[in-house]
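For the sequence shown, position 344 matches number 343 in numbering that gives the first Met the number 0, and the numbering has no gaps at all. Where a beta carbon is used, it is the ideal one built from N, C-alpha and C, also for glycine. None of these values were measured; they are calculated from a predicted model.
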Amino acid sequence: MEENKANIFKPKTFSASVKNSGLNDFIFLIDLKEDTCSVSESCAKFIQVPSANFPNATKTLASLVHQDDIGIFNDCVDQIKKGNSHDFILECRMKSPSNTYIPISFRAKSVSLPNGQSLLTGTICLKSSRHDDITGLPLEAQMIHDYNEARRSQGSVSGFILAIRIEGLEHINANFGLEVGDNIFNIVAKACIDAQKDQTRAYRISGNKIALLNIGGGTATDAQGIYQSLKRRIGDIEFDLDYSVVFTISAGIVAFINDMSELKDLIKKADFSLSMGRKCGKNNLYFFNNSEYSKHINRLDLHEKLRESVKDNFKGFEIYYQPVIDATEFDPKTGGQKVHVIGAEALLRWGPPNSEKLPADQVIPVLEETGLMAPVGRWILMKAFNQCHVWNQYDKNFHMSVNLSYVQLERSDILFDVECALEKTKVNPENITLEITESGYIDHDELQRLFDELHKLKINIDIDDFGTGYSNLRYIQNLHANTLKLDYSFVQKAVRGKDGDSERRVIEHIINMAHDLGMKVCLEGIESENDVEILSKLKPDKFQGFFFGKPVSSYAFLDRNKQYFRDNAPQKSDEPEEIS
Numbered sequence: 000m001e002e003n004k005a006n007i008f009k010p011k012t013f014s015a016s017v018k019n020s021g022l023n024d025f026i027f028l029i030d031l032k033e034d035t036c037s038v039s040e041s042c043a044k045f046i047q048v049p050s051a052n053f054p055n056a057t058k059t060l061a062s063l064v065h066q067d068d069i070g071i072f073n074d075c076v077d078q079i080k081k082g083n084s085h086d087f088i089l090e091c092r093m094k095s096p097s098n099t100y101i102p103i104s105f106r107a108k109s110v111s112l113p114n115g116q117s118l119l120t121g122t123i124c125l126k127s128s129r130h131d132d133i134t135g136l137p138l139e140a141q142m143i144h145d146y147n148e149a150r151r152s153q154g155s156v157s158g159f160i161l162a163i164r165i166e167g168l169e170h171i172n173a174n175f176g177l178e179v180g181d182n183i184f185n186i187v188a189k190a191c192i193d194a195q196k197d198q199t200r201a202y203r204i205s206g207n208k209i210a211l212l213n214i215g216g217g218t219a220t221d222a223q224g225i226y227q228s229l230k231r232r233i234g235d236i237e238f239d240l241d242y243s244v245v246f247t248i249s250a251g252i253v254a255f256i257n258d259m260s261e262l263k264d265l266i267k268k269a270d271f272s273l274s275m276g277r278k279c280g281k282n283n284l285y286f287f288n289n290s291e292y293s294k295h296i297n298r299l300d301l302h303e304k305l306r307e308s309v310k311d312n313f314k315g316f317e318i319y320y321q322p323v324i325d326a327t328e329f330d331p332k333t334g335g336q337k338v339h340v341i342g343a344e345a346l347l348r349w350g351p352p353n354s355e356k357l358p359a360d361q362v363i364p365v366l367e368e369t370g371l372m373a374p375v376g377r378w379i380l381m382k383a384f385n386q387c388h389v390w391n392q393y394d395k396n397f398h399m400s401v402n403l404s405y406v407q408l409e410r411s412d413i414l415f416d417v418e419c420a421l422e423k424t425k426v427n428p429e430n431i432t433l434e435i436t437e438s439g440y441i442d443h444d445e446l447q448r449l450f451d452e453l454h455k456l457k458i459n460i461d462i463d464d465f466g467t468g469y470s471n472l473r474y475i476q477n478l479h480a481n482t483l484k485l486d487y488s489f490v491q492k493a494v495r496g497k498d499g500d501s502e503r504r505v506i507e508h509i510i511n512m513a514h515d516l517g518m519k520v521c522l523e524g525i526e527s528e529n530d531v532e533i534l535s536k537l538k539p540d541k542f543q544g545f546f547f548g549k550p551v552s553s554y555a556f557l558d559r560n561k562q563y564f565r566d567n568a569p570q571k572s573d574e575p576e577e578i579s
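What follows is the structure in structure tokens.
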């Protein structure tokens with residue numbers, strides 16, 4: 000056992016590790032604080048860098064990375080900036096001066112100098128051969144060649160791709176060094192080579208991934224057997240190493256019968272299956288599902304369309320408004336004739352011209368994934384604040400509620416964004432409410448400090464979907480929340496559920512405690528007059544739901560609700576001017 004451990008931790012002489020002055024290797028240096036990069040002059044002949052020394056290094060290099068590899072690149076950069084990685088290897092495809100993409104290997108180490116300067120230094124290696132320098136496995140180019148040869152000779156191909164990713168390799172590289180990480184990769188590669196049979200061959204593909212391609216009629220069950228065999232082999236290795244180094248493998252399988260597809264399309268499906276396996280929990284195997292893949296492709300299409308909309312001055316984005324009703328003044332006996340609209344909730348919609356608008360729950364998760372939530376969030380604040388300012392000319396107490404995404408809270412300066420929107424729109428901050436969803440996955444102390452600053456601006460804070468998260472009323476009180484909004488499902492159980500009486504007692508208890516703590520309660524999901532009649536007895540402060548109005552454009556909101564405004568009713572022409 001000790002001998003095996005020594006072999007793992009003993010540096011081996013890999014050609015990639017020692018070839019620091021080869022014809023295809025270039026030295027680079029990045030100043031992490033200044034975000035500048037220096038490369039050798041000859042590097043520009045192979046990679047489309049603007050010059051040997053250039054600013055905005057992170058953004059510039061990211062712009063050269065192939066879109067399929069940008070996630071790996073960004074994750075690596077984030078780890079370096081957070082100080083979680085000091086010794087790393089990254090493989091991706093980058094744009095060449097001829098606008099083609101070539102495989103690149105970055106091997107680098109971060110260094111802190113006595114003067115406080117933080118540098119990242121290493122080599123950029125052009126991987127021009129068809130075999131991997133570390134494992135000796137054939138690369139993707141060879142995989143494409145082999146597949147195409149089989150397809151040409153047979154007309155169509157049957158078999159499978161088993162895509163494997165080594166989990167924990169980044170941690171091993173950071174804690175034990177690249178040599179140990181390379182040794183681990185070699186062990187897995189050797190196990191994959193041992194699994195080669197019946198026209199199944201292992202290849203090194205991008206990142207920490209190996210693909211086993213079968214073009215001899217193999218089935219998904221065959222691929223599953225290989226995966227289970229590899230897992231047993233890794234378990235034996237970890238035992239031999241006395242668990243001093245721990246790693247796992249995730250995998251995805253795509254099988255094909257009499258297929259004439261391009262290999263790149265099958266690899267995309269295998270990569271998708273691999274990513275789904277990782278989402279289900281690392282060290283898992285996922286079988287390709289065409290329905291889920293179609294959803295994935297549609298989501299990628301939506302990614303691109305949203306990105307284009309943001310670039311085109313937010314074309315296609317629109318704010319819809321749903322009325323918020325004063326429940327204390329509502330008399331169900333009048334059949335809804337005496338309704339006081341005290342405000343509206345601003346809800347995002349998006350869609351191409353002359354098409355149905357997608358609701359926020361379909362759009363916002365995609366915006367969060369793509370990093371577009373911050374600019375769109377600022378646009379929402381500006382539009383909603385400005386609309387509130389216009390409608391305040393007719394009802395000075397009219398409130399506007401705006402939802403905040405946790406991505407906005409975590410990745411943008413939300414306080415600065417709010418202050419800018421207040422300054423440009425001149426809206427009364429006391430008429431603005433910011434809504435957050437109750438949750439346990441954000442730092443409570445940071446949230447407390449943010450809310451304290453927002454309250455200094457006289458901004459109101461509501462807790463949305465209360466009852467679905469992890470917090471309690473005392474925590475909410477500490478945040479100085481103004482209103483608790485009970486989730487739609489919560490309310491519907493109270494009026495339509497089998498245990499309606501019990502659910503109503505819970506809601507009544509929450510309302511009474513909230514009132515004792517100086518907070519109001521809004522019941523969402525009101526869909527009928529019967530809902531109002533039942534829930535009014537619990538004495539909530541506000542109602543919101545389709546019974547009082549669905550989310551609509553600002554024009555439609557005026558047409559439907561102008562008679563309910565407290566003071567002078569606004570006209571349809573009273574639309575806000577654009578705020579840049």
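With respect to the 8 Å criterion, residue 192 and residue 158 are not classified as neighbours on the basis of their beta carbons.
For residue 264, the enclosing alpha helix (DSSP H) starts and ends at 262 to 278. Under the 10 Å beta carbon count, residue 547 is surrounded by 16 or more other beta carbons and is classified as buried.
In the structure shown, residue 508 adopts helical secondary structure according to DSSP, grouped into three states. Residue 416 and residue 147 have their C-alpha atoms roughly 53 Å apart. Collapsing the DSSP output to three states places residue 195 in coil. Straight through space, the alpha carbons of residue 104 and residue 249 are spaced by roughly 22 Å.
By the Cβ test, the segment 301 to 317 is in contact with the segment 355 to 372, since at least three Cβ pairs between them sit closer than 8 Å. The continuous alpha helix (DSSP H) containing residue 148 extends over residues 139 to 153. Here residue 27 is not near residue 41, since their CB atoms are 8 Å or more apart.
By the neighbour-count definition (other C-beta atoms within 10 Å, threshold 16), residue 199 is a buried residue. With fewer than 16 other CB atoms across the displayed protein chains lying within 10 angstroms of its CB, residue 61 is exposed. CA-CA distance, residue 364 to residue 543, rounds to 23 Å. Our two residues, residue 318 and residue 350, have alpha carbons roughly 12 Å apart in a direct line. Judged by DSSP in its simplified three-state form, residue 40 adopts helix. Straight through space, the alpha carbons of residue 235 and residue 244 are spaced by roughly 12 Å. Taking a cut-off of 8 Å for Cβ pairs, the segment 39 to 56 and the segment 176 to 187 do not touch, as fewer than three such pairs fall below it.
In this structure, 167 is the residue among 167, 204, 374 and 399 with its C-alpha nearest to the C-alpha of residue 277. Under the Cβ criterion (8 Å, minimum of three pairs), the segment 106 to 117 does not count as touching the segment 226 to 235.
C-alpha of residue 142 to C-alpha of residue 217: approximately 16 Å in a straight line. For residue 449, the CB contacts under 8 Å within the same chain, skipping 5 residues up- and downstream, are 408, 413 and 414 in chain order.
Contact between the segment 476 to 484 and the segment 446 to 460 is present: 3 or more CB-CB pairs across the two stretches fall below 8 Å. For residue 253, the beta-bridge partners assigned by DSSP are 160. For the 8 Å CB-CB criterion, residue 36 and residue 46 do not form a contact. Only residues of its own chain outside the window of five on either side were considered, and among them 204 have a CB closer than 6 Å to the CB of residue 139, listed in chain order.
Annotation for residue 294: the continuous alpha helix (DSSP H) segment containing it runs 289 to 310. Comparing alpha-carbon positions, the option among 359, 190 and 164 lying closest to residue 282 turns out to be 164. Residue 519 places its beta carbon less than 8 Å from that of residue 541.
In this structure, the CA atom of residue 161 is about 29 Å from the CA atom of residue 174. Excluding the 5 residues flanking it on each side, residue 402 has same chain C-beta neighbours closer than 6 Å at 434, in chain order.
If you look at residue 317, you'll find it in the beta strand (DSSP E) that goes 316 to 325.
By the 16-neighbour rule on beta-carbons within 10 angstroms, residue 314 is exposed.
For residue 102, the three-state secondary structure derived from DSSP is strand.
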